[in-house]
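All remarks here apply to the structure that follows.
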Amino acid sequence: MSIYPTTRLRRTRASQWSRALVRETSLSTHDLIWPLFVTSGDGEEPIASLPGVSRWGVRQIVDRARAARDAHIPAVALFPNTPADRRSPDGAEAHNPDNLVCRAIAAIKDALGDDIGVIADVALDPYTSHGQDGLVDDNGYVLNDATVAVLMRQAVTLAEAGADIVAPSDMMDGRIGAIRGALDEAGQARVQIMSYAAKYASAFYGPFRDAVGSRGLLKGDKRSYQMDPANAREALREVAMDVDEGADSVMVKPGLPYLDIVAMVAANFDLPVYAYQVSGEYAMIEAAVAAGAGERDALILETLTAFKRAGASGVLTYHALDAARLLNG
Ligand code: PBG
0 MSIYPTTRLR
10 RTRASQWSRA
20 LVRETSLSTH
30 DLIWPLFVTS
40 GDGEEPIASL
50 PGVSRWGVRQ
60 IVDRARAARD
70 AHIPAVALFP
80 NTPADRRSPD
90 GAEAHNPDNL
100 VCRAIAAIKD
110 ALGDDIGVIA
120 DVALDPYTSH
130 GQDGLVDDNG
140 YVLNDATVAV
150 LMRQAVTLAE
160 AGADIVAPSD
170 MMDGRIGAIR
180 GALDEAGQAR
190 VQIMSYAAKY
200 ASAFYGPFRD
210 AVGSRGLLKG
220 DKRSYQMDPA
230 NAREALREVA
240 MDVDEGADSV
250 MVKPGLPYLD
260 IVAMVAANFD
270 LPVYAYQVSG
280 EYAMIEAAVA
290 AGAGERDALI
300 LETLTAFKRA
310 GASGVLTYHA
320 LDAARLLNG
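Per numbering that gives the first Met the number 0, the very first residue in the sequence shown carries number 0; after that it's consecutive.
Structure follows, in structure tokens:
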């Protein structure tokens, strides 16, 4: 029985050493994955809706990856802002071995080798002229199986460029098994698949779409393939399918508004589960700081710790480098 005054829960909170001793979860730099945007230009292009985040040219992206490595961040995730003249209805640039993201992957791997993991998204939205993640029919409906066939080629292209992990973020049915088969067939059995398994049709992706240049192009929404924010149990079915199809790890996205999903997936499956603290969440924190509503370092560390407490193995966050520097002292 826990009865006051015999039991006083404040007793263990009274000093720093004691709080450290009883702490249930801890955040480490090894929990962080840093998403980076690549531009075909040279240098740095700030992104207005993501203050503090920029797109970087291929040469500069290597420096970003080096900074991540030096801060003990295990992996970066790359997203290209494809030049407009390389976007098309069929997103064919996605499997051009000389496309922007492939050049960035190769440059990082050349410079840093196995010192850092490189994750590359599999989905067509940075490459399509309509901004959808797949091929569309005359009514704008995103076709499943025809899209999966393109994603297989894209995944092999990314693997051949040197990606260590491919991360399908498209939400087509059956793509994990198809991509696993295609990778193995192409002699890329060592490449991991981190599946965006429970990805919701969220209003928190806006700044990301600015960053990859798809916001102005996108007509309609992504609700015919991304999940309904009202559904939780369905996430378990999504994850179960991807596990059966060979995913090495799964992701829940967005992050903080979906911590219940993170906790549920972590409790029900025995593979690593990552959370993506997405662009709109980052922007909310930065806006709060700019408005004087909170202290930046504390907001960063508290939100990231919350992911660990919910059961996440790690977090994709635009705050990764800042967080790592705080954790490294
Ligand atoms: C592309 C993709 C998106 C994000 C990651 N991969 C956007 C979308 O589905 O529209 C969002 C990440 C973020 O908002 O930070 N399929």
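All C-beta atoms in this analysis are idealised placements derived from N, C-alpha and C, irrespective of residue type, glycine included.
Review point. Would the C-beta of residue 122 count as close to the ligand PBG, meaning under 7 Å from any of its heavy atoms?
Key: yes
Practice item. Please list, in chain order, all residues of the same chain as residue 96 whose beta carbon is under 6 Å from its beta carbon, the five residues on each side excluded. Key: 156
Exercise for review: Could I get the ranges of all uninterrupted beta strand (DSSP E) runs contained in the stretch 86 to 148, with 3 residues as the minimum, in chain order?
Suggested key: 116 to 121
**Study point:** Burial state of residue 118, where buried means 16 or more other Cβ atoms lie within 10 Å
**Key:** buried
Point to revise | Selection from 49, 54, 93, 31 that minimises the alpha carbon distance to residue 41 | key: 54
Point to revise | residue 210 versus residue 17 - alpha carbon distance | key: 44 Å
Point to revise | Straight-line gap, residue 245 to residue 121 (C-alpha atoms, nearest Å) | key: 16 Å
Exercise for review: Note the first and the last residue of the continuous beta strand (DSSP E) segment covering residue 273.
Suggested key: 272 to 276
**Study point:** Beta-bridge partners of residue 43, as assigned by DSSP
**Key:** 55
Exercise for review: Would you mind giving the Cβ-Cβ distance between residue 67 and residue 104, rounded to the nearest angstrom? I have them listed as a contact below 8 Å.
Suggested key: Not confirmed; about 14 Å, so no contact.
Review point. Is the CB-CB distance between residue 206 and residue 278 below 8 Å?
Key: yes
**Study point:** Contacting residues, own chain, Cβ-Cβ under 6 Å from residue 29 (five flanking each side not counted)
**Key:** 73
Practice item. Alpha carbon to alpha carbon, how far is residue 8 from residue 167? Give it in angstroms, no decimals. Key: 45 Å
Review point. Between which two residues does the beta strand (DSSP E) harbouring residue 315 extend?
Key: 313 to 316
Check your understanding: What span of residues does the alpha helix (DSSP H) with residue 198 cover, start to end?
Key -> Careful: residue 198 lies outside any alpha helix (DSSP H), inside the beta strand (DSSP E) at 191 to 198.
Check your understanding: To the nearest angstrom, how far is it from the Cα of residue 271 to the Cα of residue 227?
Key -> 23 Å
Practice item. Rank 280, 301, 35 by C-alpha distance to the C-alpha of residue 52 and give the top, closest one. Key: 35
Review point. For residue 140, is the beta carbon positioned less than 7 Å from some heavy atom of the ligand PBG?
Key: no
Review point. Helix, strand or coil: which one does DSSP assign to residue 213?
Key: coil
Practice item. Just the C-alpha distance for residue 139 and residue 84, rounded to the nearest angstrom, thanks. Key: 21 Å
Review point. Can you tell me whether DSSP reads residue 36 as helix, strand or coil?
Key: strand
Point to revise | Three or more C-beta pairs below 8 Å linking the stretch 191 to 207 and the stretch 251 to 264 | key: yes
Practice item. Can you check the stretch 155 to 188 for any alpha helix (DSSP H) of at least 4 residues that lies completely inside it and give the ranges in chain order? Key: 174 to 184
Review point. So does residue 207 have its beta carbon nearer than 7 Å to some heavy atom of the ligand PBG?
Key: yes
Point to revise | Neighbourhood of residue 275 by C-beta, 7 Å cutoff - its chain only, sequence neighbours within 5 removed | key: 250, 252, 253, 254, 315
Review point. Just to confirm, does residue 169 get its C-beta within under 7 Å of one of the non-hydrogen atoms of the ligand PBG?
Key: yes
Point to revise | Within 8 Å, strictly: CB atoms of residue 299 and residue 322 | key: yes
Exercise for review: Return yes when the Cβ of residue 147 is within less than 8 Å of the Cβ of residue 177, no when it is not.
Suggested key: yes
Check your understanding: Could you give the distance in angstroms between the alpha-carbon of residue 37 and the alpha-carbon of residue 208?
Key -> 13 Å
Point to revise | Nonlocal neighbours in the same chain, by C-beta distance under 8 Å from residue 260, ignoring five residues either side | key: 197, 231, 234, 251
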